[in-house]
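Chains as they are written, first to last, in the numbering used here: chain A, 20 to 176; chain B, 43 to 187.
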């Protein structure tokens with residue numbers, strides 16, 4: 020029970036954040052897209068979109084927990100996690116698109132551009148993180164070396 | 043149980059006299075051996091004494107505790123919290139809920155996403171220090187954020 024609560028609470032927070040992001044993304048990008056392409060855009064969020072968006076947000080949160088949490092995949096480095104998460108996300112978005120679930124199907128180009136931007140973003144973020152982690156790792160290793168030099172492993176009784 | 047300490051000897055010697063070597067007795071033996079920087083553990087029914095300096099890490103799987111050296115895996119009677127208490131001064135630190143590692147056997151450290159630290163042990167095995175215990179490891183090594 021304790022483990023379940025410990026998993027569900029962060030999952031709920033992530034899902035809530037994603038749903039908020041999805042609605043914001045829909046409104047901002049939809050407005051811009053409609054303005055730029057003179058397409059029809061309903062300046063309100065349909066109820067069905069919120070329900071379907073919530074389900075999609077939960078699915079993305081579960082993927083996040085699987086790839087970035089400490090319970091399922093424990094021994095992967097960030098770069099590998101990010102690539103796998105991105106791939107799973109693209110598959111999920113493609114399924115939603117093909118089944119007309121949560122995603123407006125009239126905006127093929129927008130979804131293609133959106134997916135490409137997210138992929139590029141994750142790739143850049145992963146690369147920058149990897150550089151940062153390697154640099155920090157060098158500092159950690161220096162401290163480890165100093166620790167080993169300063170402290171001898173305990174002598175027998 | 044009768045305990046008697048006799049002083050005046052050059053070498054420390056502990057003799058346990060009992061009717062049978064029960065699990066508790068074996069545990070006591072392991073704890074005593076740890077003071078001599080050796081741990082009593084088993085593999086395929088045979089008992090071995092392993093030097094603490096040879097241990098890479100301990101892991102608890104399904105309530106059983108295993109000890110890993112560069113080439114062997116042994117089982118021992120002690121629980122992880124007992125190992126942590128007894129071997130803390132010998133450079134062992136809790137690295138995850140089910141893992142205690144030997145700092146002196148760490149080859150390299152690399153921070154990872156979510157505050158975790160990836161540890162490469164001597165011999166190449168990679169372990170992950172969870173966020174909860176990464177702070178303790180950093181404190182122990184004197185790493186400031």
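Every residue, glycine too, gets a C-beta built ideally from N, C-alpha and C.
These figures come from a predicted structure and were not determined experimentally.
Asked                                                                                                                                                                                                : Found
Are the Cβ atoms of residue 101 of chain B and residue 140 of chain B separated by less than 9 Å?                                                                                                    : yes
Span of the alpha helix (DSSP H) holding residue 123 of chain B?                                                                                                                                     : 122 to 129
How long is the line joining the alpha carbons of residue 181 of chain B and residue 137 of chain B, rounded to whole angstroms?                                                                     : 13 Å
Would you say residue 105 of chain A lies against chain B (beta-carbon separation less than 9 Å)?                                                                                                    : no
Please list, in chain order, the residues of the region 80 to 100 of chain A that have any C-beta partner in chain B closer than 7 Å.                                                                : 87, 89, 93, 94, 96, 97 and 100
Using only alpha-carbon positions, find the residue among A:53, A:87, A:104 and A:162 that is nearest to residue 154 of chain B.                                                                     : A:87
Quick one: list the residues of chain B neighbouring residue 140 of chain A, beta-carbon separation under 9 Å, in chain order.                                                                       : Neighbours of residue 140 of chain A on chain B: none; closest Cβ ~15 Å, over 9 Å.
Would you mind telling me which residues of chain B sit closer than 7 Å to residue 163 of chain A, beta carbon to beta carbon, in chain order?                                                       : 148, 151 and 183
Taking Cβ to Cβ, would you say residue 85 of chain B is nearer than 9 Å to residue 124 of chain B?                                                                                                   : no
Since I believe residue 51 of chain A is in contact with residue 84 of chain A (beta carbons under 8 Å), could you give me their beta-carbon distance rounded to a whole number of angstroms?        : 32 Å between Cβ atoms; not a contact.
Listing by chain order, which chain B residues have their CB less than 8 Å from the CB of residue 166 of chain A?                                                                                    : 145, 182, 183 and 184
Taking the alpha carbon of residue 167 of chain A as the reference point, which residue from B:46, B:57, B:95 and B:103 has its own alpha carbon closest?                                            : B:95
Which chain A residues are close to residue 113 of chain B, counting only those with a beta carbon under 8 Å from its beta carbon?                                                                   : Ordered by position in chain A, no residue passes the 8 Å Cβ test against residue 113 of chain B, which lies about 19 Å from the chain.
Taking 9 Å as the CB-CB cut-off, is residue 172 of chain B touching chain A?                                                                                                                         : yes
From the beta carbon of residue 36 of chain A, is the nearest beta carbon of chain B less than 9 Å away?                                                                                             : no
Pop quiz: residue 80 of chain B and residue 91 of chain B are said to be a contact at Cβ under 8 Å. What is the actual Cβ separation, rounded to whole angstroms?                                    : 5 Å
Check whether the region 99 to 108 of chain A touches the region 59 to 76 of chain A, counting contact only when three or more Cβ pairs, one atom from each stretch, lie closer than 8 Å.            : no
Only counting runs of 3 or more residues, tell me where the beta strand (DSSP E) segments fall wholly within the region 65 to 127 of chain B, in order along the chain.                              : 80 to 85, 88 to 93, 97 to 103, 106 to 111 and 115 to 118
Which parts of the region 97 to 173 of chain A are runs of the beta strand (DSSP E), unbroken and 3 residues or longer, counting only runs that do not cross its ends?                               : none
For residue 164 of chain B, which of helix, strand or coil comes out of DSSP?                                                                                                                        : coil
Say whether chain A places a C-beta atom closer than 9 Å to the C-beta of residue 108 of chain B.                                                                                                    : no
Exposed or buried, residue 118 of chain A, counting other C-beta atoms within 10 Å across all chains shown (16 or more means buried)?                                                                : exposed
What are the residues that DSSP puts in a beta bridge with residue 169 of chain B?                                                                                                                   : B:161
Which two residues bound the contiguous beta strand (DSSP E) that contains residue 58 of chain B?                                                                                                    : From DSSP, residue 58 of chain B is part of no beta strand (DSSP E); its letter is neither H nor E.
Is there a Cβ from chain A that is less than 9 Å from the Cβ of residue 178 of chain B?                                                                                                              : no
Could you name the residues of the same chain whose beta carbon sits closer than 7 Å to that of residue 171 of chain B, not counting the 5 residues immediately before and after it, in chain order? : 137, 138, 158, 159, 161 and 179
Measure the C-alpha to C-alpha separation of residue 44 of chain A and residue 36 of chain A and round it to an integer number of angstroms.                                                         : 12 Å
How long is the line joining the alpha carbons of residue 113 of chain A and residue 76 of chain A, rounded to whole angstroms?                                                                      : 15 Å
What did DSSP end up calling residue 29 of chain A once you bin it into helix, strand or coil?                                                                                                       : helix
Please tell me whether residue 89 of chain A and residue 168 of chain B are closer than 9 Å, where the distance is taken between their beta carbons.                                                 : no
Could you check whether the Cβ of residue 26 of chain A sits closer than 9 Å to any Cβ belonging to chain B?                                                                                         : no
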